[in-house]
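> Have a look at this one.
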Amino acid sequence: MRGVSDNNQERQGTARERLQREREREKAREKRRRTLIVSAAVVAVLGLAAVVGVIAATAGSGKDGGSQAGPLLAPSGVEGKDQLSFPAGASDAPSTLTVWEDFRCPVCAQFENVMRDSIQELEKSGQLKVEYNLATIIDGNMGGTGSLRAANAAACAQDAGKFSEYHDVLFRNQPQEADDAFGKNSRLIELAGKVEGLDTPAFRSCVQDGAHDSWVAKSNKAFAEGGFRGTPTVLLNGESIFPDKAGLQISAANLEKWVAEANKGKRPGTLTPTPSASATPSTGSPSATPAATTP
Numbered sequence: 061m062r063g064v065s066d067n068n069q070e071r072q073g074t075a076r077e078r079l080q081r082e083r084e085r086e087k088a089r090e091k092r093r094r095t096l097i098v099s100a101a102v103v104a105v106l107g108l109a110a111v112v113g114v115i116a117a118t119a120g121s122g123k124d125g126g127s128q129a130g131p132l133l134a135p136s137g138v139e140g141k142d143q144l145s146f147p148a149g150a151s152d153a154p155s156t157l158t159v160w161e162d163f164r165c166p167v168c169a170q171f172e173n174v175m176r177d178s179i180q181e182l183e184k185s186g187q188l189k190v191e192y193n194l195a196t197i198i199d200g201n202m203g204g205t206g207s208l209r210a211a212n213a214a215a216c217a218q219d220a221g222k223f224s225e226y227h228d229v230l231f232r233n234q235p236q237e238a239d240d241a242f243g244k245n246s247r248l249i250e251l252a253g254k255v256e257g258l259d260t261p262a263f264r265s266c267v268q269d270g271a272h273d274s275w276v277a278k279s280n281k282a283f284a285e286g287g288f289r290g291t292p293t294v295l296l297n298g299e300s301i302f303p304d305k306a307g308l309q310i311s312a313a314n315l316e317k318w319v320a321e322a323n324k325g326k327r328p329g330t331l332t333p334t335p336s337a338s339a340t341p342s343t344g345s346p347s348a349t350p351a352a353t354t355p
């Protein structure tokens, strides 16, 4: 009887192992399916992006993100003529990707969630520098303050040297476009808990005080005056590549191809360590006519 029992146990063990393997295969299939669905959704959305972007940019152009009283404080380490760009990647990379986004913009989230890994690999290899810029057009279209509040919080994260990480967290946890959840500072502080070392008294104070609200309004004004069609606006070395470039739809493979073509014969840049967080944000001075962002 022991032999029969042992055989039964072996069969049960084998069955469990088969079931476990099948579950793992199903998980892998589901992951691939979700990736394909997201990618397909982005491709489908891109066809509408230009039209939606025109509407968004037009509807939001009369807004400046809520002109805020108080001093204009630029986040630590921002770059560009008007100190409006969050830099990522090697400063001497041969190509520059300029991205304008709104944290409430659903197409921006789809772009980020599909393209993020490829962009970060190009950054790490020294092929690409990225300049992130923020707009608040969804607040102007849908009402609420989530675009402004999230942009201010991202600027506070930049002060702590955590912009890229917090930027990704916000897009991964983006609410529905009509849901102004990002308008609550408590939610933005809660999400900061997903970034190691970000949820500090200094960050909380910066978020709650709206320390960079005037700077965000300045950034949105530059977007409105820059002739951009909507968010996301994506430029490679000054040339628009979203939703397509010369008839080729943007994708991870095409972005890598375009960067390789632009960088042919050029040396990659060298990444430098992330600068330490600044105790206080730098003071910027408003510009009467913000310059359009160029790589």
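Going by the working numbering, 107 is the number at position 47 of the sequence shown; the sequence numbering is gapless. For each residue, glycine too, the CB sits at the ideal point set by N, CA and C. Owing to the predicted nature of the structure, the values given are computational and were not obtained by experimental measurement.
Would you call the stretch 218-232 in contact with the stretch 282-294, where contact means no fewer than 3 C-beta pairs closer than 8 Å?
no
> Count the other C-beta atoms from every protein chain shown that fall within 10 angstroms of the C-beta of D273, then say buried if there are 16 or more, exposed otherwise.
buried
> Is the stretch 227-239 touching the stretch 157-173 in the sense that three or more CB pairs, one from each, lie closer than 8 Å?
yes
> What residue range does the beta strand (DSSP E) around N297 cover?
Neither: N297 is in no beta strand (DSSP E) and is coded neither H nor E.
> Consult DSSP for P131 and reduce its assignment to one of helix, strand or coil.
coil
> Going along the chain, which residues of its own chain have a beta-carbon closer than 7 Å to the beta-carbon of S338, five neighbours each way excluded?
Caution is warranted here: a pLDDT of 45 is assigned to S338, below 50, making its placement in the model unreliable, and no coordinate value can be reported.
> In angstroms with no decimal places, state the Cα-to-Cα distance between E181 and M175.
10 Å
> Would you mind stating whether A284 and D142 have Cβ atoms separated by less than 8 Å?
no
> Out of G243, A238, I249, L208, which has the shortest C-alpha to C-alpha gap to Y226?
I249
> Taking the C-alpha atoms as reference points, what is the distance between G203 and R247?
The straight-line gap separating the alpha-carbon atoms of G203 and R247 is approximately 18 Å.
> Over the uninterrupted alpha helix (DSSP H) stretch that includes V229, give me the two end residues.
Taken as a continuous stretch (DSSP letters only), the alpha helix (DSSP H) holding V229 covers 223-232.
> Taking its Cβ as the centre, do 16 or more other Cβ atoms sit within 10 Å of Q80, making it buried, or is it exposed?
exposed
> Am I right that F242 and G287 are in contact with their C-beta atoms under 8 Å? What's the rounded C-beta distance?
F242 to G287, Cβ: 27 Å. No contact.
> Check the DSSP bridge columns for K317 and list the partner residues they point to.
Looking at the DSSP output, K317 shares a beta bridge with no other residue.
> Are there 16 or more other CB atoms within 10 angstroms of the CB of R327, so buried, or fewer, so exposed?
Looking at its Cβ environment, which holds fewer than 16 other Cβ atoms inside 10 Å, R327 is exposed.
> Leaving out the 5 sequence neighbours to the left and right, which residues in its chain are closer than 8 Å to S145 when beta-carbon positions are compared?
V138, E139, T158, E191, Y192, N193, T353
> Assuming the contact rule is C-beta atoms closer than 8 Å, W275 and L133 should be a hit. Round their C-beta distance to whole Å, please.
6 Å
> A210 and L188 - do their beta-carbons sit closer together than 8 Å?
Not a contact, by the Cβ cut-off of 8 Å.
> Among L296, S300, G307, Q309, which has the Cα closest to the Cα of A320?
Ranked by Cα distance from A320, the options L296, S300, G307, Q309 are led by L296.
> On the three-state DSSP scale, how would you describe E77?
helix
> Skipping 5 residues on each side, what residues in its chain have a beta carbon closer than 7 Å to that of G186?
A150, A153, P328, G329, T330, L331
> Could you pull out every residue in the same chain whose Cβ sits closer than 6 Å to the Cβ of E77, ignoring the five residues on either side in sequence?
No residues qualify anywhere along the chain.
> Please report how far the alpha carbon of K305 lies from the alpha carbon of G298, in whole angstroms.
Distance between the alpha carbons of K305 and G298: 12 Å.
> Which two residues bound the contiguous alpha helix (DSSP H) that contains N212?
Element bounds for N212: 206-219.
> Which of the three DSSP states, helix, strand or coil, is assigned to Q143?
The answer is coil: DSSP assigns Q143 none of H, G, I, E or B.
> Can you name the start and end residues of the beta strand (DSSP E) that L194 belongs to?
188-194
> With a threshold of 7 Å on Cβ separation, who are the neighbours of F223 within its own chain once the five nearest residues in sequence on each side are excluded?
F146, A214, A217
> Whole-angstrom Cβ separation of N323 and S155, contact assumed at under 8 Å?
6 Å
> Quick one: Cα of V255 to Cα of L208, how far?
20 Å
> With a 10 Å radius around its C-beta and 16 neighbouring C-beta atoms as the bar for buried, classify G125 as buried or exposed.
Because G125 carries a pLDDT of 42, less than 50, the predicted location of this residue cannot be relied on, and the following value inherits that uncertainty. Answer is buried; the Cβ neighbour count reaches 16.
> Over what stretch of residues does the beta strand (DSSP E) that includes E161 continue unbroken?
155-161
> Residues in the same chain with beta-carbon distance under 6 Å from D240, minus the five sequence neighbours each way, listed in chain order, please.
Apart from the 5 residues on each side of it in sequence, D240 sits with its Cβ closer than 6 Å to the Cβ of G204, G206 in its chain, given in chain order.
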